[in-house]
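Colleague: The opening residue of the sequence shown carries number 278 in my numbering; numbering runs sequentially from there. Below you'll find the structure I mean.
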Amino acid sequence: MEFRKGEQFTIGMFYSVSFIVDALSNVNLITKRYTRVVQTKN
278 MEFRKGEQFT
288 IGMFYSVSFI
298 VDALSNVNLI
308 TKRYTRVVQT
318 KN
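Here it is as C-alpha coordinates:
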(Lines of atoms letter the chains of each structure in order from A and count residues from 1; the text may use other names and numbers.)
(Lines give C-alpha, C1' and ligand atoms only; values in the text may rest on other atoms or scores of the structure.)
Protein backbone atom coordinates (compact mmCIF):
# COMPACT_ATOMS: atom_id res chain seq x y z
CA MET A 1 0.00 0.00 0.00
CA GLU A 2 1.31 3.42 -0.91
CA PHE A 3 0.51 6.45 1.17
CA ARG A 4 0.92 10.11 0.39
CA LYS A 5 2.92 12.08 2.94
CA GLY A 6 -0.23 13.52 4.56
CA GLU A 7 -1.88 10.12 4.96
CA GLN A 8 1.27 8.64 6.43
CA PHE A 9 1.47 11.51 8.90
CA THR A 10 -2.17 11.11 9.91
CA ILE A 11 -1.74 7.37 10.47
CA GLY A 12 1.39 8.02 12.52
CA MET A 13 -0.47 10.54 14.65
CA PHE A 14 -3.35 8.12 15.14
CA TYR A 15 -1.02 5.36 16.32
CA SER A 16 0.82 7.76 18.63
CA VAL A 17 -2.42 8.97 20.19
CA SER A 18 -3.78 5.46 20.74
CA PHE A 19 -0.43 4.40 22.22
CA ILE A 20 -0.44 7.38 24.60
CA VAL A 21 -4.05 6.70 25.64
CA ASP A 22 -3.11 3.07 26.28
CA ALA A 23 -0.14 4.07 28.40
CA LEU A 24 -2.22 6.57 30.38
CA SER A 25 -4.92 4.01 31.17
CA ASN A 26 -2.23 1.55 32.26
CA VAL A 27 -0.71 4.17 34.56
CA ASN A 28 -4.19 4.88 35.93
CA LEU A 29 -4.73 1.20 36.77
CA ILE A 30 -1.31 0.90 38.39
CA THR A 31 -1.75 4.02 40.52
CA LYS A 32 -5.20 2.85 41.63
CA ARG A 33 -3.79 -0.51 42.66
CA TYR A 34 -0.84 1.15 44.39
CA THR A 35 -2.99 3.60 46.35
CA ARG A 36 -5.24 0.73 47.41
CA VAL A 37 -2.23 -1.20 48.73
CA VAL A 38 -0.98 1.88 50.58
CA GLN A 39 -4.41 2.47 52.11
CA THR A 40 -4.66 -1.12 53.37
CA LYS A 41 -1.19 -0.83 54.93
CA ASN A 42 -2.03 2.35 56.84
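Even glycine gets a Cβ: it sits at the ideal position worked out from N, Cα and C.
1. Could you tell me the alpha carbon to alpha carbon distance between K309 and Y292, rounded to whole angstroms?
2. What three-state label does DSSP hand R281 in the structure shown?
3. Going straight from the alpha carbon of I307 to that of V298, what length do you get?
Modeller: In terms of the structure at hand:
1. Taking the sequence shown and counting its residues from 1, one reaches residue 309 at position 32. Taking the sequence shown and counting its residues from 1, one reaches residue 292 at position 15. Taken atom to atom, the span from the alpha-carbon of K309 to that of Y292 is near 26 Å.
2. By 1-based counting over the sequence shown, the position of residue 281 is 4. The three-state reading of DSSP puts R281 in coil, since its state is none of H, G, I, E or B.
3. Taking the sequence shown and counting its residues from 1, one reaches residue 307 at position 30. Taking the sequence shown and counting its residues from 1, one reaches residue 298 at position 21. Going from the Cα of I307 to the Cα of V298 covers about 14 Å.
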